[in-house]
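Note that this note's numbering has the sequence shown beginning at 269, numbered continuously upward.
All C-beta atoms in this analysis are idealised placements derived from N, C-alpha and C, irrespective of residue type, glycine included.
Written out below as structure tokens is the structure these notes cover.
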Amino acid sequence: MKKTFIWLLITVFIASMALAGVGCKQAVKEEVTEEVVEEATEETLEEEVAEEEEVKEPVELVFWDMQWSQNEDFRPSVQALVDNFNNANPGINVLMQEMPWDNWEQVFLTAVAGGTAPDIATSAATLPAIFSEMGEAVDLNPILEEWKKDGFYDEFAPGAFDYFRNKELQAAMPWAVQYNATLYRKDVFDELGLTEPETFEEFLNVARTIKEKTDLIPFSYSSKHVHFMVQALIANETNIVDKDLNPALTGQKALEVFEFIYTLYSEGLVPEGIAAYDYNVSNKLYLTGKSAMVFVPQIDILQSAPDIMEKTSIMTPFAGPSGNKNGLGFLFPIMGYSQTGHDEEIKAFIKYFVENSLDLVKLTAVHPVTKTFSADPHFSENRLSKEMIEKIGPVVRTNSYPAENLLPGHGIADTNQIYQFMLQELNTGNNDFESLGEEANEIVIEAFER
């Protein structure tokens with residue numbers, strides 16, 4: 269061993285000095301010996317530390333990434349990002365696993381409850397609120413502090429981080445936004461002399477004109493998903509709870525929304541069987557030229573119908589009687605799970621992921637959350653993406669609006685399909701709006717009390 273060899277050298281040195289008849293005093297001899305021993309000991313410790321660092325295994329992080337795109341280049345791009353991070357951080361090794369959307373909520377809940385959570389995961393918006401309340405989220409505030417220092421913080425829209433805050437804890441970071449919008453046939457509007465509506469009533473009148481003067485279905489959307497119901501509520505400055513987190517579905521603003529959606533149904537301005545419509549059915553009507561307007565959570569559906577795409581424009585959000593022209597956007601989070609015990613390594617990867625996510629977002633149907641990424645030619649030179657960013661971006665609100673944060677109660681109510689319940693009732697002829705609001709409020713109260 270190196271250590272034994274060094275001690276042997278010391279012994280030989282001292283012995284050789286004595287045999288050579290060096291007439292040193294004992295004090296000098298002891299001083300030289302002590303110096304040599306001290307230097308040898310330091311050298312030995314340094315070598316032992318170096319050997320220990322050489323054999324130290326990197327921290328392994330498991331990263332669950334949802335299936336954000338069907339583009340064949342998407343998964344390799346995520347892997348490339350992971351590989352680049354691993355190469356730049358030799359003490360950390362991130363292992364990426366693609367996660368399907370089937371039963372995704374149950375998969376996460378089971379993993380966290382069973383102590384087998386991933387270190388890092390992307391997901392839909394509701395999970396950070398739920399898991400932070402359970403004490404399972406890594407606090408990402410240190411990343412915000414770094415971004416404030418280097419200026420990256422200013423790339424985000426005001427309030428973008430508040431959405432994933434639980435009290436003082438930053439539970440997740442946004443890496444993409446899904447703008448929701450109404451697509452409309454501009455050629456039909458031009459032919460009928462129609463302009464984009466600015467209010468609920470104007471939208472109804474546009475739909476009435478289309479029904480009266482064409483063979484097209486005026487409007488379609490999915491009753492099986494939350495998006496259109498949330499859009500209508502926030503356009504009237506309300507939601508399942510108000511900004512003070514009081515149940516809001518018996519208030520005047522909610523009742524006005526119920527009347528608007530019921531009118532679409534009762535006057536035949538939407539398909540007769542819309543209560544059973546999901547996006548596959550709703551989108552198909554528009555893509556095959558059978559409807560004039562459709563509400564969608566993403567615009568990539570148009571890729572399969574280039575002729576319809578050429579005739580399509582993005583509608584500027586319109587306001588309810590008591591509201592404003594608010595658009596709807598769902599922020600997509602990436603978060604860390606504290607039960608794994610690798611907080612520092614987790615924060616390092618999440619910071620890197622958000623800062624280097626542009627190439628991933630380009631391969632999805634969603635949009636960037638930062639100003640610089642949004643200015644990339646991929647978005648700024650694409651007509652519909654540009655319209656989406658210009659028309660929806662400046663007035664976008666999250667699905668928790670008017671509340672600032674997405675809370676566990678929002679997630680529970682969403683899981684209990686509160687929005688779909690209201691749509692189903694209205695689209696099957698329930699026009700007792702006050703009773704509907706009371707019944708829906710009970711679901712909300714239960715969700716926020718749990």
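Check whether residue i and residue j have beta carbons under 8 Å apart
i      : j      : result
Met497 : Tyr687 : yes
Ala405 : Leu437 : yes
Ile614 : Ile411 : no
Ile660 : Tyr447 : yes
Ser400 : Met334 : no
Pro539 : Leu553 : yes
Leu451 : Val634 : no
Lys481 : Thr580 : no
Thr696 : Ala543 : yes
Asn504 : Ser590 : yes
Leu722 : Ala522 : It is not possible to answer for residue 722, since the shown part of the chain is limited to 269 through 718.
Val327 : Gly359 : yes
Lys409 : Ala616 : Sequence inspection shows Asn at residue 409; the Lys mentioned does not correspond to that position. No, these two residues do not count as a Cβ contact at 8 Å.
Ala385 : Tyr547 : no
Leu517 : Asn709 : yes
Thr640 : Phe424 : no
Gln365 : Trp332 : yes
Ile582 : Glu649 : no
Ile567 : Leu691 : no
Residue i - DSSP class collapsed to helix/strand/coil
i      : result
Ala587 : strand
Ile529 : helix
Glu401 : helix
Glu469 : helix
Val330 : strand
Thr640 : helix
Pro442 : strand
Glu340 : coil
Asn448 : strand
Ala215 : This structure leaves residue 215 out entirely; the chain is present only between 269 and 718.
Thr632 : coil
Ser559 : strand
Glu702 : helix
Thr580 : strand
Same chain, Cβ closer than 6 Å to residue i, neighbours up to 5 away in sequence not counted
i      : result
Glu298 : Confidence at Glu298 is low in this model, with a pLDDT of 46, below 50, so its placement is unreliable and the value that follows should be read with caution. So no residue of the chain qualifies.
Gly597 : Val445, Tyr447, Val664
Ile799 : Residue coverage of the chain in this structure runs from 269 to 718, which leaves residue 799 outside it and unanswerable.
Pro677 : Inspection of the sequence shows that residue 677 is occupied by Gly rather than by Pro. Only Ala715, Phe716 meet the Cβ criterion.
His493 : none
Met561 : Thr450, Tyr452, Phe487
Pro465 : Phe471, Val474, Phe586
Pro662 : none
Beta-carbon contacts of residue i that lie in its chain and below 8 Å, excluding the five residues immediately before and after
i      : result
Tyr431 : Ala393, Pro442, Leu599, Thr666, Ser668, Glu672, Asn673, Leu674
Pro636 : Ala444, Val445, Ser625, Leu626, Val629, Ser642, Asp644, Phe647
Leu694 : Phe526, Ile529, Tyr530, Tyr533, Leu704
Asn339 : Leu631, Thr632
Ala428 : Pro442, Leu599, Val637
Cβ-based burial, residue i [other Cβ within 10 Å; buried from 16]
i      : result
Lys417 : exposed
Phe337 : For the record, residue 337 in the displayed sequence is Ser; it is not Phe. Its Cβ being crowded by 16 or more others within 10 Å, Ser337 is buried.
Thr463 : exposed
Pro426 : exposed
Pro396 : buried
Asp483 : exposed
Ser572 : exposed
Gly536 : exposed
Met402 : exposed
Ala439 : buried
Gln499 : buried
Ala681 : buried
Asn355 : exposed
Cβ of residue i within 8 Å of any chain C Cβ
i      : result
Pro326 : Among the chains in the structure shown there is no chain C, since it carries only a single protein chain.
Same chain only: Cβ atoms within 7 Å of residue i, ignoring 5 sequence neighbours per side
i      : result
Asp575 : none
Lys558 : Leu484, Ile485
heavy atom of the ligand FAD below 7 Å from residue i C-beta
i      : result
Glu436 : Of ligands this structure carries none, so the ligand FAD is not represented either.
Please give the ranges of any alpha helix (DSSP H) in the region 582 to 627, keeping only runs that are unbroken, at least 4 residues long and fully inside the region. 611 to 623
Going along the chain, which unbroken runs of the beta strand (DSSP E) with 3 or more residues stay wholly within the region 481 to 549? 485 to 488
Can you check the region 353 to 440 for any alpha helix (DSSP H) of at least 4 residues that lies completely inside it and give the ranges in chain order? Listed in chain order, they are 372 to 381, 395 to 401, 409 to 418.
Which full runs of the alpha helix (DSSP H) of 4+ residues lie inside the region 654 to 697, going along the chain? 676 to 683, 686 to 694
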